[in-house]
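Enquirer: Residues -21 to -1, 1 to 568 in mature numbering (1 follows the signal peptide of the UniProt record, and there is no 0) are what the sequence shown lists, from first letter to last.
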Amino acid sequence: MIRRWLLVISLVGLLPWAASAQPRSFETLRLSEAEIAVTEGTQAPLAGWTPARVPEVFAQHPQAGLSTYWLRFSFELAELPAEPLVLLVHRVALTAEFRLNGSLLNPGVRFEQPGGPAGTNMLNEPQWIVLPGGLFRVGHNELLVRLRADRVTAAWLSNPLIGSPQALRGEYLLRHAAQRVVPQVLFVLLLAGLVFGLRLWWRERLLLLGLVVTTTVLWLLQTGLYLLADLPLPWRAAVSLVTAVWIAFHWALLTLLWRLSGSSWSWFPRALQLGSGLALVGSVLVLILEPTQSVLGLLFIPTTVLRFMTTVMLLRWAWRVRSWAALLLVGSELLWFAGPLQLMLMVQGVVSHEPFMLEPGCALPLVLVLFGLAAQRLAQQREAAAQQRQQGAMEERQRMLLEMHDGIGSQLVTGLRLARREDAPRSVVVQAIQNALTDLRLVMEAQEGAAQELQTLMQHWRERTQPQLEALGIALQWDVQALPRPHPLSALQALQVLRILQEALSNALQHGQPRVVSVSLAPVPGGCELCIGDDGVGLGKGPLPALQRGRGLDHMRCRAERLGGQLEVGPGAAGGTVVRLVLPAAKQA
């Protein structure tokens, strides 16, 4: 028992020695006191250094320009760190080069040179640089920063932090997730949405779907420009491109939001086109004129005002509709509105660069909501279109049944009544049954899918009619020209054309006493013209006035109106009668 207690006491006594034997964790250094020098050179100056405090020092240098800032941070170490450390800088505006005790830490950085490509944009990502223990010294250490902005963005550097990876990982991940990971997820989501949208748009050319695809393309381009740190363009061209894409993207997205909300503001699209058009012209002028903060701020104003108006429009719509979809859209749009507003105020120097940027990660909820609403609206449109097609098919079927009832049905009833009369001539009964069979053939030909193209339909009619005319000693002159575009017909439209052909031919045979019947089809301005003529007695001779008093011409004109065309009956150039049917080009889609 005593031995056990002695062992416990011994272990307790060894605890302080064991703790002291463990390597001490490096305390995080937050560097704020520095020396600053402003120069145009690429080497750190030997003189001209003044004390400064980061980041407050940049309030004394708010102007944007190509001046190079040199910052020199000093710190003391009693001993070398036992493990590699990291350098964390939350925000850099716009390009920075870091040197620890003379060793370059980020050699891949490119600074803008006059007439050359734009410099590396480090504004959109926190800097995480691993520092091997061999770079440090016992005693005095120096972190030298070369910092440069462009001619629009003012220089900025947050407090450099030096510490262990475990101590700084949380701060880094918070900004890295907001400024890099979320935009990358947004880019992948937009890319997937674009592929899916293009497939749908290729099959169904809906206006809303085309607007969704356009918005997605511009959104994808804008996000890609954000993620791309080095643009292989001169600085002025890069600024013009980024500004133009930003304006065009907002035009497409605000138009889409206007359509999704079903707003009654009919004037809004014109205002959107006018404001965006003027801003786009200004973004092109950036290639000629020297852009400044004030100039770019003026270019952003029309789009910002239109975004504010869109927010008001969506709030009114959400208040009127009061649905979860409206609430989600308005909430995500308000979050999205905050991002570019922060960016614009940051460019103007109104707000600090220190907080992480909301843009473009704040757009992720809006993308999800928009894709959901667009999918729902497209599904509704497809369902409505399917219902319309079904309703149209039912109406056409009913009209077809009515045609059969009035045509074949009435002829069969007439033939049946004649057959029941003992005094009815056999030839009359045969003719009534023959008329019913002819009408049945017309209906069957109109139902054939291959025959529902005007030229094919006429060819089938010729194959059936020409032998009958030759048996009567009548020649058929056929002149059917190729049309510029196909002329598809529905089953009911095909039946109307066949009956006009049949009615015109029947009138010519019964009243014209022709030797030649001519049929022609030719393109005319605005459509095509179908003519059926003969060389018979012509109008005003023989029994034709009886035709004019009958219902044959009225029936043909009625059928022409159903086709959206016009029917004319008149004398031919060389005598006889000509029936002209003009079909509009609108029916050729």
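Using N, Cα and C, we set each Cβ at its ideal position, and we do this for glycine too. Note that the structure is predicted; figures quoted are calculated from it, not measured.
Figure out for me which residue from LEU10, ARG9, ALA31 has the closest Cα to the Cα of ALA16.
Expert: The candidate whose alpha carbon is nearest that of ALA16 is ALA31.
Enquirer: Do ALA134 and LEU126 have their CB atoms nearer than 8 Å?
Expert: For ALA134 and LEU126, yes; Cβs fall inside 8 Å.
Enquirer: Alpha carbon to alpha carbon, what distance is there between ILE108 and LEU165?
Expert: Going by the C-alpha atoms only, they are around 26 Å apart.
Enquirer: Is it the case that the Cβ atoms of ILE136 and PRO34 are separated by a distance below 8 Å?
Expert: Looking at the sequence itself, residue 136 is Leu, so the reference to Ile does not match. Yes, Cβ-Cβ distance for LEU136 and PRO34 is below 8 Å.
Enquirer: Following the continuous beta strand (DSSP E) through ASN120, name the residue where it begins and the one where it ends.
Expert: Element bounds for ASN120: 118 to 127.
Enquirer: Cα separation between VAL221 and ASN85?
Expert: Between VAL221 and ASN85, the C-alpha separation is close to 26 Å.
Enquirer: Going by the beta-carbon positions, is the gap between ARG353 and VAL191 smaller than 8 Å?
Expert: Sequence check: residue 353 is Ala here, not Arg. Yes, the Cβ-Cβ distance between ALA353 and VAL191 is below 8 Å.
Enquirer: Just reading off the beta strand (DSSP E) that SER499 is part of, what are its end residues?
Expert: Looking at the DSSP string, the run of the beta strand (DSSP E) that includes SER499 is 495 to 503.
Enquirer: How should GLU12 be labelled, buried or exposed, when 16 other C-beta atoms within 10 angstroms of its C-beta is the threshold for buried?
Expert: Exposed, since its Cβ has fewer than 16 Cβ neighbours within 10 Å.
Enquirer: Just curious, the beta strand (DSSP E) that ALA250 is in, first and last residue?
Expert: From DSSP, ALA250 is part of no beta strand (DSSP E) but of the alpha helix (DSSP H) over 247 to 264.
Enquirer: Return yes when the Cβ of GLY512 is within less than 8 Å of the Cβ of VAL476, no when it is not.
Expert: Cβ distance not < 8 Å, so VAL476 and GLY512 don't count as in contact.
Enquirer: Can you tell me the Cβ-Cβ gap for ALA217 and LEU266, rounded? I've got them flagged as a contact below 8 Å.
Expert: No, ALA217 and LEU266 are not in contact; Cβ-Cβ is about 11 Å, not under 8 Å.
Enquirer: Mind checking whether PRO467 and GLU432 have CB atoms under 8 Å apart?
Expert: Yes, Cβ-Cβ distance for PRO467 and GLU432 is below 8 Å.
Enquirer: Smallest Cα separation from residue 577: which of HIS119, LEU123, ASN103?
Expert: Only positions -21 to 568 of the chain appear in this structure, which leaves residue 577 out of reach.
Enquirer: What number of angstroms, rounded off, separates the C-alpha of LEU546 from the C-alpha of LEU480?
Expert: When rounded, the distance between both Cα atoms is 12 Å.
Enquirer: In this structure, how does DSSP classify GLY554 when only helix, strand and coil are distinguished?
Expert: DSSP places GLY554 in coil when its eight states are reduced to three.
Enquirer: From the DSSP output, read off the bridge partner residues of GLY549.
Expert: Paired residues: VAL557.
Enquirer: Jot down the residue ranges of each uninterrupted beta strand (DSSP E) in the region 121 to 198, minimum 3 residues, whole runs only, in chain order.
Expert: With a minimum length of 3 residues, the continuous beta strand (DSSP E) runs that stay inside the region 121 to 198 are 140 to 142.
Enquirer: Express the C-alpha separation of TRP28 and LEU343 in angstroms, rounding to a whole number.
Expert: Cα-Cα distance, rounded: 45 Å.
Enquirer: Between the Cα of TRP246 and the Cα atoms of VAL68, THR193, MET292, LEU64, which residue gives the shortest distance?
Expert: Closest by alpha carbon: MET292.
Enquirer: Counting C-beta neighbours from all protein chains within 10 Å, is the total for ILE280 16 or more, i.e. buried, or is it exposed?
Expert: Exposed, because fewer than 16 other Cβ atoms sit within 10 Å of the Cβ of ILE280.
Enquirer: Would you check if the distance between the CB atom of TRP49 and the CB atom of ALA23 is smaller than 8 Å?
Expert: Going by C-beta atoms, TRP49 is nearer than 8 Å to ALA23.
Enquirer: Find out if the Cβ-Cβ distance for the pair ALA157, ALA72 is shorter than 8 Å.
Expert: Cβ atoms of ALA157 and ALA72: not closer than 8 Å.
Enquirer: Exposed or buried, what is PRO563 when buried is set at 16 or more other beta-carbons lying within 10 Å of its beta-carbon?
Expert: Per the 10 Å Cβ criterion, exposed.
Enquirer: I think VAL496 touches ILE453, with their Cβ atoms under 8 Å apart; what is that distance to the nearest whole Å?
Expert: Between ILE453 and VAL496 the Cβ distance is about 6 Å, and since that is below 8 Å, they are a contact.
Enquirer: Kindly indicate which residue of GLY555, SER499, ALA450 has the alpha-carbon position closest to the one of ASN486.
Expert: If we check each option's Cα against that of ASN486, GLY555 comes out closest.
Enquirer: By the DSSP assignment, the beta strand (DSSP E) with GLY512 in it spans what residues?
Expert: Per DSSP, GLY512 belongs to the beta strand (DSSP E) from 506 to 513.
Enquirer: Roughly how many whole angstroms lie between the Cα atoms of LEU(-7) and LEU345?
Expert: Low confidence applies to LEU(-7): its pLDDT is 36, below 50, so where it sits in the model is not reliable, and the reading given next is rough at best. So the alpha carbons of these two residues sit roughly 56 Å apart.
Enquirer: Using beta-carbon positions only, say whether MET535 and GLU482 come within less than 8 Å of one another.
Expert: Contact: yes.
Enquirer: Taking the beta strand (DSSP E) that SER53 falls in, what are its first and last residues?
Expert: Element bounds for SER53: 47 to 56.
Enquirer: Might you give, ordered along the chain, the residues of its own chain that have their beta carbon closer than 7 Å to the beta carbon of GLN527, omitting 5 neighbours on each side?
Expert: Because the pLDDT of GLN527 is 46, which lies under 50, any placement of that residue in the model is unreliable, and the question is left without a value.
Enquirer: In the DSSP assignment, the beta strand (DSSP E) including GLU14 goes from what residue to what residue?
Expert: Run containing GLU14: 12 to 18, per the beta strand (DSSP E) assignment.
Enquirer: Going by Cα to Cα distance, which pick from LEU308, ALA57, VAL284 is closest to LEU235?
Expert: When each option's Cα is compared against that of LEU235, the closest is LEU308.
Enquirer: Could you compute how far the alpha carbon of ALA258 sits from the alpha carbon of LEU278?
Expert: Going from the Cα of ALA258 to the Cα of LEU278 covers about 5 Å.
Enquirer: Which residue marks the beginning of the beta strand (DSSP E) containing TRP457, and which one marks its end?
Expert: Counting along the chain, the beta strand (DSSP E) containing TRP457 begins and ends at 454 to 459.
Enquirer: Is the region 138 to 153 touching the region 53 to 69 in the sense that three or more CB pairs, one from each, lie closer than 8 Å?
Expert: Counting Cβ pairs under 8 Å, three or more are found: they touch.
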